[in-house]
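Residue numbers (the UniProt record's numbering): 1 to 264.
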Amino acid sequence: MKVLLLKDPKEDDCGQDPYIRELGLYGLEATLIPVLSFEFLSLSSFSEKLSHPEGYGGLIFTSPRAVEAVELCLEKDNKTEVWKHSLKEKWNAKSVYVVGSATSSLVNKIGLDTEGESCGNAEKLAEYICSRESPALPLLFPCGTVKGEILPKMLKDKGIPMESIIVYQKVPHPGIQVNLHSYYSQQGIPASITFFSPSGLTHSLKHIQELSGDNIGRIKFAAIGPSTARALAAQGLPVSCTAESPTPPALAKGLRLALQAPGC
């Protein structure tokens with residue numbers, strides 16, 4: 001059974017995207033098509049903030065892209081050695097909060113210890129942070145131009161100071177239309193399509209509707225998390241599956257159940 005995942009391919013240590021491997025265990029033939037590209041912003045300002053951990057109570061990462069921004073700052077400003085020998089340890093003396101195992105893994109690779117990765121989404125992470133002792137200093141939150149308001153609002157309501165800085169923006173991937181057309185021409189209409197962000201949905205839905213035509217009702221639509229599921233519902237699309245956490249096993253489990261439903 002063919003399924004389409006609208007995300008970038010990411011090879012793990014085994015040289016394969018973990019979503020393709022996990023879905024394959026359930027007999028699902030997954031294809032990945034990227035629908036978003038990213039541009040990084042305000043790196044000089046972010047680099048300056050990273051150089052002064054004494055001014056913050058900790059860090060919050062809710063996306064892999066924010067971690068990539070850290071790496072770019074270190075490379076661009078030749079701070080890799082300073083990071084290894086002093087800055088990393090100063091940040092590790094504070095809390096570093098993350099959402100999801102993919103983001104956690106990237107944060108670990110730059111030498112930081114993480115907590116909260118099992119929370120699964122920003123709302124649950126906010127609850128976790130709120131359950132901790134309120135820091136006197138603000139938490140530094142690198143984020144994208146389109147960030148959810150749930151986490152900032154929950155922290156503000158609890159009196160937990162936070163300083164956000166926009167370090168990237170999402171733009172449509174230049175190959176969306178061509179890649180989707182090629183997939184439909186060669187593979188036909190997929191049994192399921194999984195969206196990985198509201199932005200990804202925005203930039204790809206029109207093409208999917210045109211290519212699917214009257215057969216769009218046959219497709220089981222899935223979301224990687226609650227915010228993406230809400231965006232799907234807002235477009236009037238039925239959500240057959242919302243992954244319990246943004247991980248390959250959770251998505252594979254949800255899709256298997258959805259595709260076993262009557263009519264599949």
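Where a beta carbon is used, it is the ideal one built from N, C-alpha and C, also for glycine.
Of the residues the options, the one placed nearest residue i, counting alpha carbons only
{"i": "LYS84", "options": "LEU155, GLU68, GLY100, LEU112", "result": "LEU112"}
{"i": "ALA69", "options": "ARG218, PRO198, PHE38", "result": "PHE38"}
{"i": "residue 309", "options": "TYR26, LEU23, LEU74", "result": "Coverage of the chain is limited to positions 1 through 264, which leaves residue 309 absent and any answer about it impossible."}
{"i": "GLY58", "options": "PRO135, ILE150, LYS220", "result": "PRO135"}
{"i": "PRO18", "options": "SER131, PRO246, LEU259", "result": "PRO246"}
{"i": "THR80", "options": "SER105, ALA66, LEU50", "result": "LEU50"}
{"i": "residue 268", "options": "PRO53, LEU237, GLN169", "result": "A question about residue 268 goes unanswered here, because the residues of the chain that appear run from 1 up to 264."}
{"i": "PRO99", "options": "LEU87, VAL82, LYS124", "result": "Note on residue identity: the sequence assigns Val, not Pro, to residue 99. Checked all of LEU87, VAL82, LYS124; the closest Cα to VAL99 is LYS124."}
{"i": "ARG230", "options": "GLN209, THR202, LEU36", "result": "THR202"}
{"i": "PRO249", "options": "ASP8, ARG21, PRO9, GLN16", "result": "ARG21"}
{"i": "PHE221", "options": "GLU210, GLN186, LEU259", "result": "LEU259"}
{"i": "GLU71", "options": "ASN92, PHE40, GLU133, SER86", "result": "PHE40"}
{"i": "ASN215", "options": "ALA30, CYS241, TYR184, VAL171", "result": "TYR184"}
{"i": "ARG132", "options": "PRO161, GLY148, VAL146, LYS147", "result": "PRO161"}
{"i": "TYR56", "options": "GLU210, GLN209, LEU137, ASP157", "result": "LEU137"}
{"i": "ALA30", "options": "ASP8, VAL82, ASN92, ASN78", "result": "ASP8"}
{"i": "GLU163", "options": "LEU36, VAL35, PHE46, ILE33", "result": "PHE46"}
{"i": "VAL146", "options": "LEU87, THR114, THR62", "result": "THR62"}
{"i": "SER42", "options": "LYS76, ILE193, LEU23", "result": "LYS76"}
{"i": "SER44", "options": "ASN78, ALA122, LEU32, ILE33", "result": "ASN78"}
Residues near residue i by beta carbon distance below 6 Å, same chain, minus five either side
{"i": "ILE60", "result": "TYR97, LEU139, PHE141"}
{"i": "CYS264", "result": "For CYS264, the predicted model reports a pLDDT of 45, less than 50, meaning its position is unreliable and no value from the coordinates is stated."}
{"i": "ARG256", "result": "TYR26"}
{"i": "residue 269", "result": "No answer is possible for residue 269: the residues shown for the chain start at 1 and end at 264."}
{"i": "LYS10", "result": "ASP17"}
Rounded distance between the beta-carbons of residue j and residue i, thought under 8 Å
{"i": "LEU251", "j": "ALA243", "result": "4 Å"}
{"i": "SER199", "j": "LEU6", "result": "Not really, about 10 Å apart at Cβ, beyond 8 Å."}
{"i": "GLU117", "j": "SER104", "result": "4 Å"}
{"i": "VAL212", "j": "ILE176", "result": "Note that residue 212 is Ser in the sequence shown, not Val. Actually they do not touch by this definition, with Cβ atoms about 15 Å apart."}
{"i": "PRO53", "j": "LYS94", "result": "7 Å"}
{"i": "CYS143", "j": "VAL107", "result": "About 14 Å separates the two Cβ atoms, so there is no contact after all."}
{"i": "ILE219", "j": "ILE193", "result": "6 Å"}
Beta-bridge pairing of residue i - partner residues as DSSP gives them
{"i": "LYS2", "result": "GLU29"}
{"i": "LEU140", "result": "LEU59, GLU163"}
{"i": "SER37", "result": "VAL171"}
{"i": "GLU115", "result": "TYR97"}
{"i": "THR242", "result": "ALA223"}
{"i": "SER47", "result": "None; SER47 has no bridge partner."}
{"i": "PHE195", "result": "LEU6, ALA223"}
Residues near residue i by beta carbon distance below 7 Å, same chain, minus five either side
{"i": "LEU28", "result": "MET1, VAL3, LEU255"}
{"i": "ALA126", "result": "ILE150, LEU151, MET154, LEU155"}
{"i": "residue 265", "result": "Residue numbering for the chain in the displayed model covers 1 to 264; residue 265 lies beyond these limits and cannot be assessed."}
With 16 other Cβ atoms within 10 Å as the buried cut-off, status of residue i
{"i": "GLY120", "result": "buried"}
{"i": "ALA102", "result": "buried"}
{"i": "ARG65", "result": "buried"}
{"i": "ALA234", "result": "exposed"}
{"i": "HIS181", "result": "exposed"}
{"i": "LYS170", "result": "buried"}
{"i": "VAL35", "result": "buried"}
{"i": "GLY217", "result": "exposed"}
{"i": "ASN179", "result": "buried"}
{"i": "SER240", "result": "buried"}
Neighbourhood of residue i by C-beta distance below 8 Å, restricted to the same chain and skipping five residues each side
{"i": "GLY159", "result": "SER134"}
{"i": "CYS14", "result": "ARG21"}
{"i": "CYS130", "result": "MET154, LEU155, LYS158, ILE160"}
{"i": "PHE195", "result": "LEU6, LEU201, SER204, PHE221, ALA222, ALA223, ILE224, THR228, ALA231, LEU232"}
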